[in-house]
Amino acid sequence: MLLRLLGAVGAVLVVATVIGRVLRARSSPPSETVVNLNQRINAWWVMAVVFAVAVVTGPAGTIVLFALLSFLAMREFVTLVESSRADHRALLLAFFVALPVQYALLAVQWYGLFSILIPVYAFLLIPAVLALAGETTDFLRRTATIQWGLATCVYALSYAPALLLLDIDGFDGRQGLLVFFLVLVVQASDVLQYVAGKLFGRHRIAPRVSPNKTWEGFVGGVAAATGIGTALWWATPFSPWQAAAMSLLIAVVGFLGGLVMAAIKRDRGVKDYGELIPGHGGVMDRIDSLVFAAPVFFHATRFFFQ
Amino acid sequence: MSGAVAQSRADAAVAGSLAGLARLLTGAVPVWRGPRSSDRPRVYYANHSSHFDAVTVWAGLPPELRSRTRPVAAADYWEKTRLRRHLAARVFRAVLIDRAGGGPAATQEMAAVLREGDSLILFPEGTRGDGREVAPFKSGLHHLAVAVPEAELVPVRLSNLNRVLPKGERVPVPVIARLVFGEPLAVVPGEPKDAMLTRARQALLALEER
Chain A
113 MLLRLLGAVG AVLVVATVIG RVLRARSSPP SETVVNLNQR INAWWVMAVV
163 FAVAVVTGPA GTIVLFALLS FLAMREFVTL VESSRADHRA LLLAFFVALP
213 VQYALLAVQW YGLFSILIPV YAFLLIPAVL ALAGETTDFL RRTATIQWGL
263 ATCVYALSYA PALLLLDIDG FDGRQGLLVF FLVLVVQASD VLQYVAGKLF
313 GRHRIAPRVS PNKTWEGFVG GVAAATGIGT ALWWATPFSP WQAAAMSLLI
363 AVVGFLGGLV MAAIKRDRGV KDYGELIPGH GGVMDRIDSL VFAAPVFFHA
413 TRFFFQ
Chain B
29 MSGAVAQSRA DAAVAGSLAG LARLLTGAVP VWRGPRSSDR PRVYYANHSS
79 HFDAVTVWAG LPPELRSRTR PVAAADYWEK TRLRRHLAAR VFRAVLIDRA
129 GGGPAATQEM AAVLREGDSL ILFPEGTRGD GREVAPFKSG LHHLAVAVPE
179 AELVPVRLSN LNRVLPKGER VPVPVIARLV FGEPLAVVPG EPKDAMLTRA
229 RQALLALEER
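Protein chains in written order, with the numbering used here: chain A, 113 to 418; chain B, 29 to 238.
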């Protein structure tokens, strides 16, 4: 089932690639939007293949992929927010202890510790390590920054592969489909909000935070992503109505994630978190919605279906 | 010391993996403002704020240039332990110079490497700074330019390395670094030492803006 769904994603990308190439051939010289569109589609191929390989190889591949994404996202986050010399040890703790342990707990299926490692233990240990470093300037700001980076880039994102731990009646061994469902709805919502915004966008939601986010784009993108999620109900443990509600939840919360991460970028005066993904920006620019949607989708599914 | 040091296959593999590790930690994608390669030996001179600087510049070079580029490093640091000695001599093929003695002997050693056709990575500030300011250059770069006029002096601007591995720390933190290779410095015959050093430093500072 997973392979067929991935094949469908591939088919969508083939169509997108053809459209992108046709637009490029028709406009000479190609406009900036067309160049960016083609770059984005090319990058989508790479991302889709990486994701497909990860989910097809099962829990190990999925956990490794998300651990790597956490690493890259937190590297972008720490680079962007500026760290001081006295933060060094606390950052080592975040990168080389908290991050790998969080994902190792998924591998050994220790949900209890997984859910509190960062909100309890890292929360207390990070300020302790910073205090031991002896620098008091901006102490609370520096502490909060590192904790926030860990909470979003590592803790929140790790809820996507944590879906593999859910024990749902009649759905055992197929939890990978939940990861696929989450990622597909989040990314479809992002892309369709962008498309709907370009086509119909007039009223901006928060012009200072993100000039490209409009009410028309939001409503159109969320509705379309909800439709796609609903159409996939047969691949999930949900009924069509439940799949619709879950998709709506994922799309709306994902939107909020994008908005929050955009606010950080504006505050720091940059357009993107990085340059790793051509046409998209950094890893964080691509997963900002997922970071917010993953824990909410996980807990909604756990509460109602486990 | 300056003669080309034989590198075993194992050491070459270690060198390759260290370059990969450096790129994984710093994510530095090198930006080339000038030509990537040249048929003349080069002195890549960079600002200095971290022990990670040399490996970052070195890892940022294309492999075929990297194998012919040798970092210049302080003998007092790199000869302290067996591991460091091995890394310096066999893996990085560093040119170790005596910071205290310095002067003509060091210049001669570096010049000899350039005349053999290899390139150098040099930190003309002489010591690591805090990452905010670039200190005035020591005169070594000028002496070297006079001794080997055919060598190209290429400014290399490093940013954020002081955050990857600040002074006094042992384990690097993953922070994205910036690494910009500039145009080779133009040669001005008969230019006085101070003017040349100031110009070289300005060329490096100018690489900061995007």
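Don't be surprised by glycine CBs; every beta carbon is placed ideally from N, CA and C.
In the displayed model, residue 101 of chain B falls within a strand according to three-state DSSP.
Judged by beta-carbon spacing, residue 357 of chain A lies beyond the 9 Å limit of residue 304 of chain A, meaning their Cβ atoms are not closer than that value. For residue 185 of chain B, the enclosing beta strand (DSSP E) starts and ends at 180-187. For residue 200 of chain A, the closest Cβ of chain B is nearer than 9 Å. Assignment of alpha helix (DSSP H) within the region 122-157 of chain B, counting only whole runs of 4 or more residues, yields 131-143 in chain order.
Two segments are said to touch when three or more pairs of C-beta atoms, one from each, lie closer than 8 Å; by this definition the region 52-63 of chain B does not touch the region 390-399 of chain A. By the beta-carbon neighbour count (other beta carbons within 10 angstroms, threshold 16), residue 206 of chain B is buried. Taking 8 Å as the upper bound for CB-CB distance, residue 201 of chain B and residue 73 of chain B are not in contact here, some 26 Å apart. The DSSP-derived three-state label of residue 255 of chain A is helix. Within the DSSP secondary-structure output, residue 209 of chain B pairs in a beta bridge with B/60 and B/184. For residue 57 of chain B, the neighbours in chain A by C-beta distance under 9 Å run, in chain order, 387 and 388.
Residue burial annotation: residue 416 of chain A is exposed, with fewer than 16 other C-beta atoms found within 10 angstroms of its C-beta. In the structure shown, residue 385 of chain A adopts coil according to DSSP, grouped into three states. In this structure, DSSP gives residue 201 of chain B a state outside helix and strand, which the three-state scheme calls coil. Closest by C-alpha distance to residue 130 of chain A, out of A/150, A/142 and A/145, is A/150. Nearest in C-alpha terms to residue 295 of chain A, of all of A/198, A/155, A/405 and A/134, is A/405.
Residue 193 of chain A and residue 243 of chain A have their C-alpha atoms roughly 20 Å apart. Assigned with DSSP and collapsed to three states, residue 215 of chain B falls in coil, not helix or strand. At a cut-off of 9 Å between beta carbons, residue 137 of chain B makes no contact with chain A. Chain order gives no chain B residues near residue 414 of chain A, where near means a beta carbon separation below 8 Å; the closest approach is about 32 Å. Taking the Cβ atoms as the reference, residue 186 of chain B lies roughly 6 Å from residue 81 of chain B, within the contact range of under 8 Å. Within the same chain, 164 come within 6 Å of residue 118 of chain A by CB-CB distance, once the 5 residues on both sides are set aside. Put simply, the CB of residue 186 of chain A is near chain B, with a gap under 9 Å to one of its CB atoms. Not flagged as an interface residue toward chain B: residue 226 of chain A, since no C-beta distance is shorter than 9 Å. DSSP, reduced to helix, strand and coil, places residue 249 of chain A outside both helices and strands of the structure shown, so it counts as coil. Taking C-beta atoms as the reference points, residue 207 of chain A and residue 187 of chain A count as a pair closer than 9 Å. Among the residues of chain A, those whose CB is under 7 Å from the CB of residue 191 of chain B are 195, following chain order.
Separation of the CB atoms of residue 166 of chain A and residue 174 of chain A is rounded to 5 Å, and the pair is thereby assigned contact status at 8 Å. Taking a C-beta cut-off of 8 Å against chain A, the contacting residues of the region 159-192 of chain B are 188, 190 and 191, listed in chain order.
Taking the Cα positions, residue 412 of chain A is about 11 Å away from residue 354 of chain A.
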